[in-house]
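Residue numbers (the numbering used here), protein chains in the order written: chain A, 458 to 833; chain B, 458 to 833; chain C, 89 to 486; chain D, 89 to 486. One structure below.
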Amino acid sequence: MHYNYNSEQDLFRDSLRKLFKQQYSYEFFREQIKSKQESAPAIWQQLLDFGLFALPFGSDFDGLGDDPGYALAAMEELGYGRVLEPVLATILMPGALLNAADNSSITNGLIPQFMAGGSTIAVAWQEAAAGFKPEEMATSATAEGDEITINGEKVCVLSAPAAQQLIVIAVDQLQQANAYLLDADAPGVTLTAYQTVDGASAANITLQNVVINKSAQLFNSAPLHKLQSVLAYIHLALGAEVVGMAERLMEITAEFCKTRFQFGQPIAAFQAVQHRLADMQIATQKLQSLFWFALDAYAAGDYIPVNMLKAEIGASGVAIGQSAVQLHGGIAMTDELSVGAYLKRILAIELTMGQREEHLESIAGSLSGELEQAPA
Amino acid sequence: MHYNYNSEQDLFRDSLRKLFKQQYSYEFFREQIKSKQESAPAIWQQLLDFGLFALPFGSDFDGLGDDPGYALAAMEELGYGRVLEPVLATILMPGALLNAADNSSITNGLIPQFMAGGSTIAVAWQEAAAGFKPEEMATSATAEGDEITINGEKVCVLSAPAAQQLIVIAVDQLQQANAYLLDADAPGVTLTAYQTVDGASAANITLQNVVINKSAQLFNSAPLHKLQSVLAYIHLALGAEVVGMAERLMEITAEFCKTRFQFGQPIAAFQAVQHRLADMQIATQKLQSLFWFALDAYAAGDYIPVNMLKAEIGASGVAIGQSAVQLHGGIAMTDELSVGAYLKRILAIELTMGQREEHLESIAGSLSGELEQAPA
Amino acid sequence: MVNDIDLEAFRQEVKQFLADNARPEILEAGRKSTSAFAPFKEVMAWQKILADKGWAAPSWPKEYGGPGWNIFQRYIFSEECARARMPTLLPQNVQMIGPAIIGYGTAEQKAQYLPRILTGEDFWCQGYSEPGAGSDLASLKCKAEREGDEFVLNGSKTWTTYAHHANKMFALVRTDSTGKLQRGITFILLDMDSPGLEVRPMLGLDGEYEQCEVFFTDVRVPVANVIGQIDDGWSVAKYLLEFERGGSAYGAALVPAFERLLQVCNKADNRGRRAMDKPGVRRQMSDLYIQLRALEHTEKAVNSKLSHGDNPGPTASMLKILGTEVMQLFSEVQVRVAGFDALPLQTEALHVGSPVAEIGSGDFLTAMPYYLNSRAASIYAGTNEIQRSLLAKAILAQ
Amino acid sequence: MVNDIDLEAFRQEVKQFLADNARPEILEAGRKSTSAFAPFKEVMAWQKILADKGWAAPSWPKEYGGPGWNIFQRYIFSEECARARMPTLLPQNVQMIGPAIIGYGTAEQKAQYLPRILTGEDFWCQGYSEPGAGSDLASLKCKAEREGDEFVLNGSKTWTTYAHHANKMFALVRTDSTGKLQRGITFILLDMDSPGLEVRPMLGLDGEYEQCEVFFTDVRVPVANVIGQIDDGWSVAKYLLEFERGGSAYGAALVPAFERLLQVCNKADNRGRRAMDKPGVRRQMSDLYIQLRALEHTEKAVNSKLSHGDNPGPTASMLKILGTEVMQLFSEVQVRVAGFDALPLQTEALHVGSPVAEIGSGDFLTAMPYYLNSRAASIYAGTNEIQRSLLAKAILAQ
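So this is what it looks like as structure tokens:
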């Protein structure tokens, strides 16, 4: 059990922080939002130079992914700097799925290509009614002979508008969840693209009788177990991002309270302000503590603590964002300051991959002995 | 819709307040607790002189119960003064059941006798596992020929140790709930008596093959509807008591904060203290508002708002009690001040006749169109 | 006292009027409102319709154009407007400057301004806050120097909602800085097209322009435009602030909004599943419903104790806290029920008459901007921290 | 650094020792503890057993009798003691006066007091608070006037837990009232059987006597009993308070308590129904579990950054707030799960060795007194309001 990154990860983190501090100002962020560009080529290239494609992959592929700490350190910095670059959507999510895949007819060729930046893949996971649990997806993958036909509707598929390929989570005739690779422009795929409230590029996707080859199925054995593992990885990544945001919001807000004068003194002199700051600090610490706990458990194959981290984002995370706005007052209601951009991102994360209440229910299921993880 | 008692009820309330202020000091309360007497004969006699037995009964019996305002005004004052006298347990609960009863072979004789103070009756309602909803009771009433056999276990039957008769809520062979009158010393009735944490006299009761006559059943028609109506009446009474307690705790606590000095000033000078007082006031107002809303709806036969009042006791009510203790500091942890006695009573009410979470579930059932009240 | 039957008849009369007069673009503006400030053009058109009927200012005394309703009628009117999803009238005219002129204006000022306030021919914005004077309003610095029959204004204002739509402003300006901060403030009226006045709209969190900064450079305003006494504008402002806090009926708007949300929660999807079947949604809706009813009946209880036109005093602080916090709770529950539907940014689809198609189920177009804008509710009109201190002061004074 | 396998072996060693040494009356005292203060006689017997083993003071440096464990071992030890339901050692000896003497005592004082603190031959109480000096401790007035080699004490103390059981007291007394409040306070040791000293126990909310008032009338104490410098007792007290706030491992006690509660929630009744099947219980347990784990890992994270014997400084305030508020949350969930079982007052059945039968299922004998006593947790050792202010001060100093 440890409560910090290792020194190499810390160095990595410091480099990213320096990069974003120097080149990713809030002014820059605003321009990106205005121009509806989630990725800035100059920044993205520097991230690739840092070797970000190595993050989700294991040593088999000369990646760093056997220790998720590198990826999480990156996510924390993306959160801290409120950086829009789609590392999670275009590297970590598809990368983790490919890394977990045991269908070598796909992985042998695709992974090296993907790691070299030669393929952009978006992951079509969530559904409006069915939510985020792989085993509950309504999207169907019907096998017949050598072909599989996909039907369903996916929502909020991040970075989909620019993707060449999609990985779609669907259930087969036996209600067994799996992941399927397909071309983004395959017949029957329809995208409704949009910018999200937190500045990402996304699409809702309709899949109508999309026919793919049987070999496009990522998992041969224990598919649900692997999907749950990737899901936990995504939850951890979102958790790291929120931890980074919480840390930055603490700094910004404390600084503001020291310099904003009302009634002849800095507002930090008021007990109500002090106590709200204290509560923000405690909430930040809770998220940090749950993050390390979840990471440790994840490594041991126990994902309930990851649910706990994700659930707490919906309480402590949202509270930190809202408190930061409240303490800043009216100015935080405009895009003149970055505070609102953090709140929007935190709330979007709460609405993504299972809300607090859904995770509370999963935890209760585990506590009451009803819920078990899929066997490996 | 009105948000106050009528002038006659206000006069009644003022009289009770005066009585308790003059004769029911906290010192007196402590003595009652120490001697394990929930009722003080001198006080009780004065309450009877006020005509308290008229409260639950309608005009058919020359009672005041057609307008529940009188009973609720009394409950509010019992709360305000933190008075132990068992008005709810020995007058309102059995009285409301008898008033609702349509078995004239019981009511004709018993009601006049009861109103004259000639019979003490305790109501055995709640069960450890099954809770408080009449239709969910596990206690069974099995009819055969002219006899009914009662089996079951009741908990926290208030004022049972001194009662001559019991009214027991039980379900018959058709899972239909009803109320049954029996002698407290009937064969098969076993009491485990105790003082409750809030100073009441109570018992857990085992009913083992208690045989009664068929005529001991209170309700011939629409028994569940009548039981639900009495239940709502009890909830309203508990709500009134909490409103009275909240009002008193506000006064006590505001006064304390003005006179308790720390750091060279009254603690009321601290913003944290001020804001907690403000939150107590808002919580008190919410309970008051829900109380009037519930009363109005109760009169119209809609009991969901009564559930809302009871549910809010578990949030706002408990918060007021806890905040009062917190603002008083250590001294509230002793029995030197009355604050703790109020908190204990509020908490006991939260644990009685359905906790907050159970009522939230009932309300959700109603909102989602699942739950309906029993037909009249 | 009006009895229940009268109220029910009144409710029917309101319903009928709304049904007869709800033009499509006005309804669309109501449906696309994401804050207390509805789309400008359409809400002003609606105000004109109400003014013609004599219903534009429910809380005004009859002699100035109010309909003479009691508190329950006013609540029913607000509730039915919200239920029909009419846009809420902008508060600046009828709830702010109107009561100020009624309370403190001269006969001439009343005659000059009130009719155009009612019809919306004039639209007023509020020039109170400044960059350095938010919660601490009394420290405002925007200077008005007397030159003969005129004041010359220099300085700036901020958080001036819809200043870019307004032709008039009521403002607090500093006419004396020698004494106590609250002294030397004057309440003054001015034209937005005055030379030297400049408006800069600010982009809000929801991607829209509601709030503005206003800059004054040698702006000349006649002394006759002062409301109340020179240097005594604080009295007018305080009076108005309590109106602003206490007067509005949050519950009347939120209860119908809750009914709509509940309807969506009870709708089955194509697999027969309803949001209301999820434990988390059940519990949130259940608690929210309690808070809403507590708010509604607190508003009714408090207001029913006031005579017509009375100012609620410190109780206004409680209504403001409770109203805004229940509103925020509603916005949080709604955005969670909306889920993925809340994520697409739909600024363009939100414009009245927009040809851009809505993304998602259509039930939650406003859920996210409403959530974001609701964050301002605990900041505007005196932060809820200030309100709690005011409320405590009243408690401790007893 | 100790690796995982060592820790597991250590855990087994602790478990074994506890199993071998848990005498029935000690276990009963653990099971009947309703606050941080276990039944006196039995907990002191348990301290003696631990002292014989060398485990009575896990956080003390080895040279003074500590076992030399690292933070993870200490956490495991606390956790296993809680899991076995051993009574928690009274904090006054090992967590309070011990560290004070280790940090500020002379060699003679260490030799004289520490061994008997460890074994419990001496039991110490804490004379800090006074009727007029609670949160504002520095305003304490209990006077100590110098007469030759002695101080003469007059005044009173309150909230002196278990003073009626103690033979020793460490106290803060006023030796100079001319300067700043924090100056002129002296940390002094005294005997409880000193002439002129009187103890009055106070009845607690739970019906038990834990807290006492102590009155001093010309009580004579040798000057040699001062710890640290005369007039500089504030430094000692501050040092200790941070130990008191930061040192204890709330999570280590609460996680096993949660496990027991969960077991009860998962138990089916005779109709096959479990508390865990109720939506409200599910949600409360689920959230509580998150809070507990967050607490546990915050304690471990903070403490693992401290070297042996370090003082946690302002972070201690965070640990105190988080620990006590999660404890209170636990107590509230537990009392709700207990339901009717929490209502009987069972003061007599709670005494160790009592012949009085327990009422109810037996799972919740302590639920209500524990709930009530937990209300003190946000008051004692500096209210949580004070802690929040301290924490904010640290945040703002960065």
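Virtual Cβ for every residue (Gly too), placed ideally from N, Cα, C.
Is it buried or exposed, residue i, if we count other Cβ atoms within 10 angstroms and call 16 or more buried?
| i | result |
| --- | --- |
| Asn-666 of chain A | exposed |
| His-459 of chain A | exposed |
| Gln-372 of chain C | buried |
| Gln-745 of chain A | buried |
| Leu-555 of chain B | buried |
| Thr-305 of chain C | exposed |
| Ala-468 of chain A | A small correction: the amino acid at residue 468 of chain A is Leu; Ala does not occupy that position in the sequence shown. Result: exposed. |
| Asn-181 of chain D | buried |
| Glu-436 of chain D | exposed |
| Glu-427 of chain A | Within the shown structure, residues of chain A are numbered from 458 to 833, placing residue 427 of chain A beyond reach of any answer. |
| Ala-641 of chain B | buried |
| Gln-466 of chain B | buried |
| Ala-356 of chain C | exposed |
| Lys-256 of chain D | buried |
With residue i as the anchor, note down where its alpha helix (DSSP H) starts and where it stops.
| i | result |
| --- | --- |
| Gly-191 of chain C | 186-192 |
| Val-444 of chain D | Element bounds for Val-444 of chain D: n/a, residue is neither H nor E. |
| Glu-438 of chain B | With chain B covering 458 to 833 only, the question about residue 438 of chain B has no answer from this structure. |
| Leu-417 of chain D | 403-426 |
| Ile-114 of chain D | 112-119 |
| Ala-389 of chain C | 367-393 |
| Asn-565 of chain B | 561-572 |
| Ala-839 of chain A | Since the first residue of chain A shown is 458 and the last is 833, residue 839 of chain A is not available in this structure. |
| Phe-589 of chain A | Note, Phe-589 of chain A: premise wrong, no alpha helix (DSSP H); not H, not E. |
| Lys-491 of chain B | 483-491 |
Judging by CA-CA distance, which residue of the options is the nearest neighbour of residue i?
| i | options | result |
| --- | --- | --- |
| Lys-743 of chain A | A:Glu-704, A:Phe-469, A:Thr-564 | A:Glu-704 |
| Ile-669 of chain B | B:Asn-677, B:Leu-638, B:Thr-577, B:Gln-685 | B:Leu-638 |
| Thr-471 of chain D | B:Ala-740, B:Gln-719, B:Lys-767 | B:Gln-719 |
| Leu-529 of chain B | B:Asp-753, B:Thr-653, B:Glu-769, B:Ser-516 | B:Asp-753 |
| Gln-605 of chain B | B:Leu-521, B:Arg-802, B:Val-540, B:Gln-630 | Sequence check: residue 605 of chain B is Ile here, not Gln. Nearest of B:Leu-521, B:Arg-802, B:Val-540, B:Gln-630 to Ile-605 of chain B, Cα basis: B:Gln-630. |
| Gly-602 of chain A | A:Glu-814, A:Gly-515, A:Lys-671 | A:Lys-671 |
| Asp-279 of chain D | D:Gln-270, D:Arg-271, D:Asn-242, D:Phe-258 | D:Phe-258 |
| Leu-834 of chain B | B:Phe-486, B:Glu-533, B:Gln-489 | The shown model of chain B, from 458 to 833, leaves out residue 834 of chain B, and the question about it has no answer. |
Residues bridged to residue i by DSSP?
| i | result |
| --- | --- |
| Thr-809 of chain A | DSSP lists no partner for Thr-809 of chain A. |
| Leu-473 of chain A | Answer by DSSP bridge pairing: none, since Leu-473 of chain A is not bridged. |
| Asp-320 of chain D | D:Ile-273 |
| Pro-310 of chain C | C:Glu-238 |
| Cys-169 of chain C | Partner(s): none; Cys-169 of chain C has no beta bridge. |
| Ile-315 of chain C | C:Phe-275 |
Just reading off the beta strand (DSSP E) that residue i is part of, what are its end residues?
| i | result |
| --- | --- |
| Val-580 of chain A | 578-581 |
### Task
Only counting runs of 4 or more residues, tell me where the alpha helix (DSSP H) segments fall wholly within the segment 194-258 of chain D, in order along the chain.
195-207, all fully within the segment 194-258 of chain D.
### Message
Suppose only complete runs of 3+ residues qualify. What are the beta strand (DSSP E) ranges in the segment 270-296 of chain C, listed by chain order?
### Response
If only uninterrupted beta strand (DSSP E) runs of at least 3 residues are considered, those enclosed by the segment 270-296 of chain C are 273-279, 285-291.
### Query
Mind pulling the alpha helix (DSSP H) runs of 4 or more residues that sit fully within the segment 733-818 of chain B?
The qualifying runs are 761-769, 775-785, 796-807.
### Message
Runs of 3 residues minimum, wholly inside the segment 596-670 of chain B: which ones carry the beta strand (DSSP E) assignment?
### Response
Complete beta strand (DSSP E) runs here, min 3: 597-601, 604-615, 622-628, 634-640, 646-652, 658-670.
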